[in-house]
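*Asks:* As given, the protein sequences belong to chains A and B, one line each in that order. Position 10 of the first sequence, counted from 1, bears residue number 10 in the working numbering, the numbering being contiguous throughout. If you count the second sequence from 1, you need to add 1000 to reach the working numbering. Idealized CB from N, CA, C, for every residue including glycine. My structure is below; once you've seen it, I'll send some questions.
2 protein chains.
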Amino acid sequence: MAKDTKKEKGLLIVYTGDGKGKTTAALGMVVRAVGYDWKVCIIQFIKGSWKYGEMDGIKKLAPNVELNVVGEGFVGIIDDKKTIEVHRAAARKAFEMVLAKMSSDNYELMILDELNVALNLGLITREELEEVIKKKPEKLHLVITGRGAIKWLIDQADLVTEMKEIKHPYRKGIPAQKGVDF
Amino acid sequence: MAKDTKKEKGLLIVYTGDGKGKTTAALGMVVRAVGYDWKVCIIQFIKGSWKYGEMDGIKKLAPNVELNVVGEGFVGIIDDKKTIEVHRAAARKAFEMVLAKMSSDNYELMILDELNVALNLGLITREELEEVIKKKPEKLHLVITGRGAIKWLIDQADLVTEMKEIKHPYRKGIPAQKGVDF
């Protein structure tokens, strides 16, 4: 298929809230973009938020999709033996990658997965987020995921969905499920 | 890759609410499932809810993913020239397909896209929905999308996320966007 060049203004899209489906919806946007033969860049701010299922599935959508796992795993959970400095360094690396990928203007869709969480953990700063939004190429659709999107980001965004948890299997004692949680 | 057979109990998952991301999250689950080499069956109750981007993207995930477009287009909108009987017949065909696909027990993930809408429009009945839930194979993850999920379905479900519209580009006068809306 000939490359279907994107001509419209790119949107700033935010998937936030405490419910499941934020990263999953971003993944779904990748499928749609690949259908248009767009180039997609995914940058993960928190490693571990996408697991084997997603990664192997994404590989089947190659070569149009580039997945960059930059984060250093979940922060502050039981098996987190890394110092906050290690997490900050990883987030800074992810931030610099975002700016570099944006300036290449090579993509129609970019997903900054769990950026909201990285911001709330202090791994990146509000000023860095502002720089990312300011430098978004005109035609790029930029998707930011993660619970706890700040009001400033919501004000900037074109499309915001809050994924609200109505019912979660953990509460019924069902453990994390392959294909659903990872 | 060897087929990674699903052994856990399959969940009943509902994506509902007025915000964007319901069908998109279902699409994201397809990517994850394909990563595990699962077989996926998608049945659309309302044709037109998935457009070219999704369909072409899904094709790249073949042969594991089967997409069945059964519905007859949106109901009651301006260019809908079909009678309600035509829509009902299509929904009945979709319902019968669901039962047949379920009884084959050939899939790890099944997505019934916009079934909630088909129910609210009276294209399928509450009893038909109950039959679907009753006949779900033990290991199948069943995902039902569409705004307006009924309370009974939410009570039955293991995982329910309400996609809540916080901000939508239409409200800012931005038209439907390729890669986002279709």
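Does the beta-carbon distance from A/G53 to B/G1035 come in below 8 Å?
*Replies:* By one-based count along the first sequence, residue 53 of chain A stands at place 53. By one-based count along the second sequence, residue 1035 of chain B stands at place 35. Contact: yes.
*Asks:* Nearest by alpha-carbon distance to B/H1087: which of B/L1119, B/K1172, B/A1033 is it?
*Replies:* Here residue 1087 of chain B corresponds to residue number 87 of the second sequence, with the count starting at 1. When each option's Cα is compared against that of B/H1087, the closest is B/L1119.
*Asks:* Do the stretch 1116 to 1135 of chain B and the stretch 1091 to 1099 of chain B touch if we need at least three Cβ pairs shorter than 8 Å?
*Replies:* Touching, yes.
*Asks:* Comparing the C-beta of A/D56 with each C-beta of chain B, is any distance below 8 Å?
*Replies:* Taking the first sequence and counting its residues from 1, the one referred to as residue 56 of chain A is at position 56. Judged by the 8 Å Cβ criterion, A/D56 is in contact with chain B.
*Asks:* Check distances from the C-beta atoms of the stretch 96 to 120 of chain A to those of chain B and list, in chain order, the residues that come in under 9 Å.
*Replies:* Within the stretch 96 to 120 of chain A, the residues whose Cβ lies closer than 9 Å to some Cβ of chain B are E108, L109, listed in chain order.
*Asks:* Run through DSSP, which three-state label would B/K1151 get?
*Replies:* Taking the second sequence and counting its residues from 1, one reaches residue 1151 of chain B at position 151. Helix, per DSSP.
*Asks:* Output, in chain order, the set of chain B residues within a Cβ distance shorter than 8 Å of A/P169.
*Replies:* As a first step, residue 169 of chain A must be located in the first sequence, where it is residue number 169. Per Cβ cutoff of 8 Å: L1011, D1158, L1159.
*Asks:* What I want to know is whether the C-beta of B/R1088 ends up closer than 7 Å to one or more non-hydrogen atoms of the ligand NAD.
*Replies:* This structure lacks the ligand NAD; in fact it carries no ligand of any kind.
*Asks:* Go ahead and pull the three-state DSSP assignment for A/I13.
*Replies:* Position 13 of the first sequence, counting from 1, holds the residue named residue 13 of chain A. Looking at A/I13 - three-state DSSP - the assignment turns out to be strand.
*Asks:* What does DSSP give as the partner residue(s) for A/I43 in the beta ladder?
*Replies:* Indexing the first sequence from 1 puts residue 43 of chain A at position 43. In DSSP, A/I43 forms a bridge with A/N68, A/L112.
*Asks:* Can you find the residues in the same chain that come closer than 6 Å, C-beta to C-beta, to A/I42, ignoring five residues on each side of it along the sequence?
*Replies:* The sequence position of residue 42 of chain A within the first sequence is 42, counting from 1. Answer for A/I42: L67, I111, listed in chain order.
*Asks:* Going by DSSP in three states, A/V86 sits in which element: helix, strand or coil?
*Replies:* Residue 86 of chain A sits at position 86 when you count from the first residue of the first sequence. DSSP places A/V86 in helix when its eight states are reduced to three.
*Asks:* In chain order, what residues of the same chain lie with their CB nearer than 8 Å to the CB of A/E8, ignoring the 5 residues before and after it?
*Replies:* The count along the first sequence starts at 1 and reaches residue 8 of chain A at position 8. Around A/E8: K139.
*Asks:* Taking only the alpha-carbon atoms, compute the straight-line gap between A/I58 and A/K51 and give it to the nearest angstrom.
*Replies:* By 1-based counting over the first sequence, the position of residue 58 of chain A is 58. By 1-based counting over the first sequence, the position of residue 51 of chain A is 51. Approximately 11 Å between the Cα atoms of the pair.
*Asks:* Helix, strand or coil for A/T125? Go by DSSP, reduced to three states.
*Replies:* Indexing the first sequence from 1 puts residue 125 of chain A at position 125. Three-state DSSP puts A/T125 in coil, outside helix and strand.
*Asks:* Can you tell me where the alpha helix (DSSP H) with A/V31 in it begins and where it stops?
*Replies:* Mapped onto the first sequence, residue 31 of chain A falls at position 31. Unbroken alpha helix (DSSP H) run through A/V31: 22 to 35.
*Asks:* Compute the beta-carbon to beta-carbon distance between B/I1208 and B/A1157, rounded to the nearest angstrom, for a pair I have assumed lies under 8 Å.
*Replies:* What the structure shows of chain B is the stretch from 1001 to 1182, and residue 1208 of chain B is not part of that stretch, so it cannot be assessed.
*Asks:* How about A/I78: is its C-beta nearer than 8 Å to some C-beta of chain B?
*Replies:* Here the question's residue 78 of chain A lines up with position 78 in the first sequence. Caution applies to A/I78, whose pLDDT of 49 falls short of 50 and renders its modelled position unreliable; the value that the coordinates give is listed next. Not closer than 8 Å to any Cβ of chain B, the Cβ of A/I78 fails to qualify, so no.
*Asks:* Against chain A, with Cβ distances strictly below 8 Å, would B/W1152 count as a contact?
*Replies:* Counting from 1 along the second sequence, the entry for residue 1152 of chain B is found at position 152. False, the Cβ-Cβ gap to chain A never drops below 8 Å.
*Asks:* So which residues on chain B does A/A33 lean against when the C-beta distance must stay under 8 Å?
*Replies:* Counting from 1 along the first sequence, the entry for residue 33 of chain A is found at position 33. Near A/A33 (Cβ distances below 8 Å), the residues of chain B are G1053, G1057, G1179.
*Asks:* Rank A/V98, A/E85, A/L61 by C-alpha distance to the C-alpha of A/V69 and give the top, closest one.
*Replies:* Residue 69 of chain A sits at position 69 when you count from the first residue of the first sequence. Looking at the Cα atoms, A/V98 is the closest of the given residues.
*Asks:* Does DSSP put A/M163 in a helix, a strand or coil?
*Replies:* Taking the first residue of the first sequence as 1, we reach residue 163 of chain A at position 163. Three-state DSSP puts A/M163 in a strand.
*Asks:* Kindly indicate the opening and closing residues of the beta strand (DSSP E) around B/I1144.
*Replies:* Mapped onto the second sequence, residue 1144 of chain B falls at position 144. Note, B/I1144: beta strand (DSSP E), 1141 to 1145.
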